[in-house]
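S.K.: There's a structure below that I have some questions on.
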Amino acid sequence: MTEVLFYHLQGMSLESVLPPLLEKSLERGWRVVVQSTSPERTEALDAHLWTYSDDSFLPHATWRAGDAQDQPIILSIEDGNPNRANVRFLIDNAALPGDCDSYERVVLVFNGDDADALTAARGAWADCKARGFEVTYWQADERGRWQRRQ
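At position 138 of the sequence shown (counting the first as 1) the number is 158 in the working numbering, and the numbers step up by one without a gap.
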């Protein structure tokens, strides 16, 4: 059964949140697709993941890479699962893919300061519940640690 996690960003950037979540995914042995809605955002994230920390390394490529199937993390703007990922991150209001049930986990990261993102997340929550997925809601506490909320 697919588990769908909703990460509510408020007062924090995707660039600060995404790398640690990707690191944890790799530590668990998962392969990941990160889906955005624009090539520009994907290219910016590609550059960011190479430089976000002096003491860390996140092996990744974009969907355009010739060896995408071999990469543990793929940054994409398209549906599909080029690297046989078991986790899919959706950012920038990327829609739930039609093959949601083929993933162990789908992580929808949304900007709580954006009314359109909140509306899209609420719609995705209702859709996931209707499809029988296990859904959880996560929000950062005042120290930036993620807490599961009811």
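From the three backbone atoms N, C-alpha and C, an ideal C-beta is built for every residue, glycine too.
1. How should S45 be labelled, buried or exposed, when 16 other C-beta atoms within 10 angstroms of its C-beta is the threshold for buried?
2. With distances taken Cα to Cα, identify the nearest neighbour of V155 among V127, A88, N101, G164.
3. Should D75 go down as buried or exposed, given a rule of 16 or more other Cβ atoms within 10 Å for buried?
4. What is the rounded straight-line gap between the Cα of L25 and the Cα of N103?
5. From this set, D133, L78, I97, which residue's C-alpha is nearest P117's C-alpha?
6. Please indicate yes or no: does the CB of Q30 lie closer than 8 angstroms to some heavy atom of the ligand NAP?
7. Using 9 angstroms as the threshold, is the C-beta distance between D99 and H80 below it?
8. In chain order, what residues of the same chain have a beta carbon less than 7 angstroms from the beta carbon of T57, not counting five sequence neighbours either side?
9. Jot down the residue ranges of each uninterrupted alpha helix (DSSP H) in the region 47–85, minimum 4 residues, whole runs only, in chain order.
10. Across which residues does DSSP place I94 in a beta bridge pair?
11. Can you tell me the Cα-Cα spacing of R51 and P92, whole angstroms?
12. Using a Cβ-Cβ cut-off of 7 angstroms (strictly less than) and excluding sequence neighbours within five positions of W70, which residues of its own chain qualify?
M.R.: Considering the structure as presented:
1. With 16 or more Cβ atoms within 10 Å of its Cβ, S45 is classed as buried.
2. V127
3. The residue in question, D75, is exposed, as its Cβ has fewer than 16 Cβ neighbours within 10 Å.
4. Going by C-alpha positions, L25 is about 21 angstroms away from N103.
5. I97
6. Looking at this structure, you won't find the ligand NAP or any other ligand, since it has none at all.
7. no
8. I97, D112, N113, A114
9. Listed in chain order, the complete alpha helix (DSSP H) runs (minimum 4 residues) inside the region 47–85 are 59–71.
10. V53, A81
11. 5 angstroms
12. none
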